[in-house]
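Each residue of the sequence shown is one higher than the one before, counting from 20 in our numbering.
C-beta atoms are modelled at their ideal positions from N, C-alpha and C, and glycine is treated no differently.
Read the structure below first, then the notes.
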Amino acid sequence: MLRVALRPRFLGMLALMIVATLACGLLATWQWDRAHQVITDQAAEPAQLGDIRGVLAVGDPVTNEMAGEIVTVTGSFVPGEQILVPGRKIGGTPAVLVISSLLVDQGDGTRARLPVARGWLPAAEVTDADGRLAPALVPEAPQGEIEISGQLEASEAASGGVDGAVAREIATPMLVNEWGSPMYSGYVSLAEPSGTLRTLPEAESDFSRGLNWQNIGYSFQWVAFGGFFLFLWWRSVRATHLDEVADRREAMQELLGEDDPLPTRSPAVVTTTAPPSDKDV
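This is the structure in structure tokens:
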């Protein structure tokens, strides 16, 4: 099989497979480093990015590099634009998140809405006697122009709409339909809630939650691709070798079948001399 592998055709194929394997190795390393960088960033203290208008344009996605970092925002809350997000647990306590709409002045004179997670309350404190959520029991957002600071987070995936000021997720595509546009694609989780609201733990969107394992999975996937290229070359060499061995065997069998068989020894003729009869005497 070595003689087959050393043929120019297979050597050229091997060179291509090695180049492809090296490329897969580089991509695997890049994905691994990216996953490690994300883990490092999440372990570090949040960075101060400054005014949100210099960090994120309206409509642009919140990247993983931005998520979890601290931004400052100046604006005013819109009266009546507030939703509750139940179904969460914080420290083992059933919790309801309070999300309000903040109007932020843009450089071009327009104003854009920014969802702000103002804090949370135990579900028991915002449930009426019938066991239903009561938005009227939640403190209203402060009025007038204020400056807030908090963690910038990516929007959660929407799986429903807003029903009676209650939603399942902090999803900006859903809130656009409820509050109007333009709107930032992410939201800000307040570092210091006002009134009776409690501080939210570090927010975590679906995007940031799945990215580490996704990059690690991609890294192993590229390694598998690199190994497959080398296996493909070996399989081609082996198949060619086995085909040639089979062809030689078949040719040998045909050659032996066409030749005259070796001469065989004829059976010996045994002659016997009869004993003389009485007539011969």
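Spatial distance of residue i from residue j (CA atoms)
{"i": "K108", "j": "P154", "result": "19 Å"}
{"i": "V242", "j": "L249", "result": "11 Å"}
{"i": "R26", "j": "L35", "result": "14 Å"}
{"i": "I102", "j": "T129", "result": "24 Å"}
{"i": "E223", "j": "D149", "result": "At E223 the pLDDT is 45, less than 50, meaning the model places this residue with poor confidence; the figure from the coordinates comes in the next sentence. E223 and D149: Cα-Cα distance of roughly 32 Å."}
{"i": "D147", "j": "A66", "result": "40 Å"}
{"i": "V104", "j": "R254", "result": "57 Å"}
{"i": "A184", "j": "E84", "result": "31 Å"}
{"i": "S227", "j": "V256", "result": "Residue confidence for S227 is low, a pLDDT of 42 falling below 50, so the modelled location carries little weight; the figure read from the coordinates is stated next. One C-alpha to the other measures close to 45 Å."}
{"i": "G87", "j": "R28", "result": "54 Å"}
{"i": "Q240", "j": "L33", "result": "21 Å"}
{"i": "V264", "j": "A270", "result": "10 Å"}
{"i": "L140", "j": "V123", "result": "26 Å"}
{"i": "V115", "j": "V181", "result": "15 Å"}
{"i": "L274", "j": "D266", "result": "12 Å"}
{"i": "L121", "j": "G78", "result": "15 Å"}
{"i": "D70", "j": "V117", "result": "23 Å"}
{"i": "L156", "j": "D127", "result": "37 Å"}
{"i": "T112", "j": "P98", "result": "28 Å"}
{"i": "G106", "j": "A42", "result": "46 Å"}
{"i": "R268", "j": "A258", "result": "15 Å"}
{"i": "P200", "j": "A76", "result": "Per the sequence shown, residue 200 should be read as Ser rather than Pro. Those two C-alpha atoms are separated by around 14 Å."}
{"i": "G276", "j": "F247", "result": "43 Å"}
{"i": "Q272", "j": "L251", "result": "32 Å"}
8 Å Cβ shell around residue i - same chain, five flanking residues per side excluded
{"i": "T191", "result": "P134, S174, M202, Y203, S204, G205 and Y206"}
{"i": "L68", "result": "V74, M85, E88, I89, V90 and L171"}
{"i": "E164", "result": "T93, G94 and S95"}
{"i": "E166", "result": "T91, V92 and T93"}
{"i": "V145", "result": "L103, V115, L152, A153, P154, L156 and V157"}
Classification of residue i by the beta-carbon crowding that lies within 10 angstroms, buried from 16 upward
{"i": "V81", "result": "buried"}
{"i": "A143", "result": "exposed"}
{"i": "F96", "result": "buried"}
{"i": "V90", "result": "buried"}
{"i": "S238", "result": "buried"}
{"i": "G94", "result": "buried"}
{"i": "R22", "result": "exposed"}
{"i": "A47", "result": "buried"}
{"i": "Q50", "result": "buried"}
{"i": "V38", "result": "exposed"}
{"i": "L219", "result": "buried"}
{"i": "T40", "result": "buried"}
CB-CB length for residue i against residue j, believed under 8 Å
{"i": "R72", "j": "Q125", "result": "7 Å"}
{"i": "G44", "j": "G245", "result": "6 Å"}
{"i": "R132", "j": "S119", "result": "At roughly 10 Å, the Cβ-Cβ gap does not stay under 8 Å, so R132 and S119 are not in contact."}
{"i": "P161", "j": "L216", "result": "About 11 Å; that fails the 8 Å criterion."}
{"i": "E100", "j": "W198", "result": "5 Å"}
{"i": "S213", "j": "G169", "result": "In fact, because the Cβ distance is near 12 Å, the residues do not count as touching under 8 Å."}
Own chain residues within Cβ distance below 7 Å of residue i, not counting five before or after
{"i": "A177", "result": "E188, A190, P192 and M193"}
{"i": "V195", "result": "M202"}
According to DSSP, residues forming a beta bridge with residue i
{"i": "V92", "result": "I167"}
{"i": "P113", "result": "K108"}
{"i": "I102", "result": "I118"}
{"i": "Q67", "result": "I89"}
Same chain, Cβ closer than 6 Å to residue i, five either side skipped, listed in chain order
{"i": "G236", "result": "none"}
{"i": "D262", "result": "none"}
{"i": "A210", "result": "S168 and G169"}
Residue i beta carbon near the ligand NAP (any heavy atom closer than 7 Å)
{"i": "A114", "result": "For the ligand NAP, the structure offers nothing, since it holds no ligand at all."}
Residue i at chain C interface by Cβ criterion, 8 Å
{"i": "E159", "result": "Considering every chain present, this structure includes no chain C. It has just one protein chain."}
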